[in-house]
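**Student:** Those letters in the sequence shown? Residues 106 to 218, by my numbering.
Note that the Cβ used here is the ideal one computed from N, Cα and C, for glycine as well.
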Amino acid sequence: MRVAEQIHHELAELIRSEVKDPRVGMVTLTGVELTPDYAHATVYFTVLPDDDDTVRATLEGLQRASGFMRGQIGRRVRIHTTPEFRFVLDRSTLRGLEMDRLISEANRLQADE
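Next up, the structure:
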């Protein structure tokens, strides 16, 4: 298993079972990108509901718990450097849903002609 995949798996488990911050609720990790030296990891996530307040609160909660999660990852994943985490909202799912809606609407309009 690749290191990024291991980190993704372990972070998802940590968030689900050990992060107690009430701001971190229905979070799904969608990807982890590591720098070549493993010093930094960009962690992409989605959250429900996806309104601005929930996203902001979730991001604050994840950032607040990042030190704890980094320590846990250091114990669970055997790598020479434990990365610092940067959490980023993954908007690709939302863009995909919007594109699907637009395509459906265009098809409906074409059928009406």
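1) Can you give me the start and stop residues for the alpha helix (DSSP H) that Gly-179 sits inside?
2) Classify Thr-186: buried if its beta carbon has 16 or more other beta carbons within 10 angstroms, exposed otherwise.
3) Output yes or no for whether 7 Å exceeds the beta carbon distance between Ile-120 and Val-137.
4) Between Ala-193 and Val-108, which are expected to be in contact by the criterion C-beta below 8 Å, what is the C-beta distance as a whole number of angstroms?
5) Go ahead and pull the three-state DSSP assignment for Arg-128.
6) Buried or exposed: Gly-176, going by 16 or more other Cβ atoms within 10 Å of its Cβ?
**Tutor:** Concretely, from the data shown:
1) 157–181
2) exposed
3) no
4) Just to set this straight, residue 193 is Val in the shown sequence, not Ala. Their Cβ separation, rounded to whole angstroms, is 19 Å, which puts Val-193 and Val-108 out of contact at 8 Å.
5) coil
6) exposed
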